[in-house]
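Taken in sequence, the protein lines are chains A and B. Final position of the first sequence in our numbering is 200; the numbers increase by one with none missing. Final position of the second sequence in our numbering is 1200; the numbers increase by one with none missing.
2 protein chains.
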Amino acid sequence: MRRMPALTQEQRRAETRRRLLDAARVVVADRGLAGASVDAVAEAAERTSGALYDHFGGKSGLVIALLDEWKDATARAIQADLAEAVDGRARLESMWRNFAEPPSEEAADWTLLEHELWLHACRQPEVTPLAAQRYAGIRRRLADAVSAGVFGPSDGIDDAEVVATLLIGLMVGLEMQRRLDPDAVSDALAVAGLEALTGP
Amino acid sequence: MRRMPALTQEQRRAETRRRLLDAARVVVADRGLAGASVDAVAEAAERTSGALYDHFGGKSGLVIALLDEWKDATARAIQADLAEAVDGRARLESMWRNFAEPPSEEAADWTLLEHELWLHACRQPEVTPLAAQRYAGIRRRLADAVSAGVFGPSDGIDDAEVVATLLIGLMVGLEMQRRLDPDAVSDALAVAGLEALTGP
DNA sequence: GTCTATAGATTGATAGAC
DNA sequence: GTCTATCAATCTATAGAC
């Protein structure tokens, strides 16, 4: 009689937090960071602005929480990609496909958020480290994979971290071009480019 | 006595337009597109919002003019890069350097604007073609250069347009990482990556 | 913990003087 | 062609009821 309500309270709180973050992701991806008002996010979460202020202290707190989520979501996505395929080329293909044609709507949102949050991090020195950490984490994971030879033996550029940096860079830059003009960046083109960076 | 004032009027108008566009570039790069209020842009141009409405009809008109400028500025920059150096590797180096460490403050603004305007173009279907045209133009210019062999003979990936797409993608993606963490992306790393894409 | 109500500032845009 | 004055809408954030 005493433990149930306490647990339920906690669950409700967690649920509200989750709803607010999900709503923030969708609304920010749709209207941009500056265009996503506190009220709009709260309404999309079927809560009120009061709840948002209680959980995150304000808009900037929400953005920081969003940056954290962004970091984790990417790490999980990379992990999943690398486990999926069998040989080097297939791994590059699946990695690119998941990046450029995300399977879920949630993943599609993250692609636009990528640039939205990157811009925010470039302008706000206090959150720059958070975003930098995210990229560093992705690079490290990918570098480990390169070292382990999952993309095939790397005889060309031999530092794994360098290859990882290049792979990420190319995928991001190609995806930007594809968003505006899907025909300009075929899957074959992207995979050929990624292959050129991984080895001879 | 009759032609002087007519010419001066026209010059004054052109000058105001120029000031407004320059101010828009700086303010938008600084605060973002949504954060750049009409008043702030006008004030930075040492004019008033009335002048801005007369020239561009409103904020969206200003953004479209900015998109046009963006297109032209990039075309000029690429042109200048390719004329500058003598051999293939040096051309890649100078192209990357001008992209990642812009010599002028104006050029530095464009790098942040790149993502700001790209996001805007992704969200506003009516301006998507403008941004797509810009990337297509850059690709074409660069592809011509690749065909002409300015980066050395291309034995690897043989379609020039493909190579151009990859080069642009890699530069954009590397520059993003460098903004957050300059140490993570050295010039040598970038040039090595670009070289891997241009040839064998 | 979530709500309503509201304060206080800022926004895009327009009308009319000069 | 550029200005001032102003409107209605929207924003972040807070206070206090429940």
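The beta-carbon is built from N, C-alpha and C at its ideal position, and this holds for glycine as well.
Through-space distance from residue j to residue i, alpha-carbon basis
| i | j | result |
| --- | --- | --- |
| B/Val1026 | B/Ile1064 | 16 Å |
| B/Ala1051 | B/Gln1009 | 14 Å |
| A/Thr198 | A/Leu130 | 28 Å |
| A/Cys122 | B/Arg1179 | 7 Å |
| A/Thr165 | B/Leu1062 | 36 Å |
| A/Glu43 | A/Asp144 | 42 Å |
| B/Leu1167 | B/Glu1015 | 37 Å |
| A/Gly169 | B/Ala1196 | 14 Å |
| B/Ala1034 | A/Ser37 | 12 Å |
| A/Trp110 | B/Gln1011 | 46 Å |
| B/Arg1047 | A/Thr48 | 40 Å |
| A/Ala45 | B/Asp1081 | 49 Å |
| B/Ala1040 | B/Ala1075 | 28 Å |
| A/His55 | B/Ile1078 | 48 Å |
| B/Arg1017 | B/Pro1103 | 25 Å |
| A/Lys59 | B/Ala1160 | 46 Å |
| B/Glu1126 | A/Gly88 | 40 Å |
| A/Ala23 | B/Glu1105 | 37 Å |
| A/Gly149 | A/Leu21 | 37 Å |
| A/Arg19 | A/Arg13 | 10 Å |
| A/Tyr53 | A/Leu113 | 22 Å |
| B/Ala1192 | A/Ser147 | 18 Å |
| A/Asp187 | B/Gly1152 | 26 Å |
| A/Arg2 | A/Glu84 | Model confidence at A/Arg2 stands at a pLDDT of 45, short of 50, so the residue's coordinates are unreliable; what they give is reported in the following sentence. Between A/Arg2 and A/Glu84, the C-alpha separation is close to 46 Å. |
| B/Ala1107 | B/Ala1100 | 10 Å |
| A/Thr128 | A/Leu66 | 14 Å |
| B/Val1086 | B/Gln1124 | 41 Å |
| A/Ala190 | A/Val162 | 18 Å |
| B/Met1004 | B/Leu1194 | Legend: pLDDT at B/Met1004 = 49, less than 50; position of this residue unreliable, no value from coordinates given. |
| B/Gly1057 | A/Gly57 | 38 Å |
First and last residue of the uninterrupted alpha helix (DSSP H) at residue i
| i | result |
| --- | --- |
| A/Asp72 | Lys59 to Glu84 |
| B/Thr1198 | Asp1187 to Thr1198 |
| A/Asp54 | Ser49 to Phe56 |
| B/Glu1043 | Val1038 to Ala1044 |
Heavy atom of the ligand PLP within 7 Å of residue i beta-carbon
| i | result |
| --- | --- |
| B/Glu1015 | Although the ligand PLP was asked about, the structure shown includes no ligands whatsoever. |
Practice prompt. Please specify which runs of the alpha helix (DSSP H), each continuous and at least 4 residues long, are wholly inside the region 101-175 of chain A, giving them in chain order.
Written response: 105-123 and 128-147
Practice prompt. State whether the region 84-94 of chain A contacts the region 1094-1111 of chain B, with contact taken as three or more CB pairs (one from each stretch) at a distance under 8 Å.
Written response: no
Discussion item. Which complete alpha helix (DSSP H) runs does the region 1006-1036 of chain B hold, if anything under 4 residues is left out?
Written reply: none
Practice prompt. Could you say if the region 1026-1040 of chain B and the region 183-197 of chain A meet the contact criterion of at least three C-beta pairs nearer than 8 Å?
Written response: no
Worksheet item: Would you call the region 128-140 of chain A and the region 1131-1144 of chain B in contact, with 3 or more CB pairs under 8 Å?
Response: no
Practice prompt. Report yes or no: do the region 1170-1180 of chain B and the region 162-176 of chain A share at least 3 C-beta pairs separated by less than 8 Å?
Written response: yes
Practice prompt. Report yes or no: do the region 1065-1085 of chain B and the region 1116-1129 of chain B share at least 3 C-beta pairs separated by less than 8 Å?
Written response: yes
Item to complete: Anything in the region 1091-1115 of chain B with a Cβ closer than 8 Å to a Cβ of chain A? List those residues in chain order, please.
Response: Leu1112 and His1115
Worksheet item: Listed from N- to C-terminal order along the chain, which residues in the region 1069-1089 of chain B have their beta-carbon within a distance smaller than 8 Å of any beta-carbon of chain A?
Response: none
Worksheet entry | Chain-ordered residues of the region 135-148 of chain A with a beta carbon less than 9 Å from chain B | Tyr135, Ala136 and Arg139
Item to complete: May I ask you to list, following chain order, the residues of the region 1029-1041 of chain B that have a beta carbon less than 7 Å from some beta carbon of chain A?
Response: Gly1032, Ala1034 and Gly1035
Worksheet item: Got a sec: which bits of the region 158-169 of chain A sit with their beta carbon under 7 Å from any beta carbon on chain B, in order along the chain?
Response: Val162, Thr165, Leu166, Ile168 and Gly169
Item to complete: With 7 Å as the C-beta to C-beta threshold (strictly closer), list the residues of the region 175-194 of chain A near chain B in chain order.
Response: Met176, Gln177, Arg179, Leu180, Asp181, Ala184, Val185, Leu189, Ala192 and Gly193
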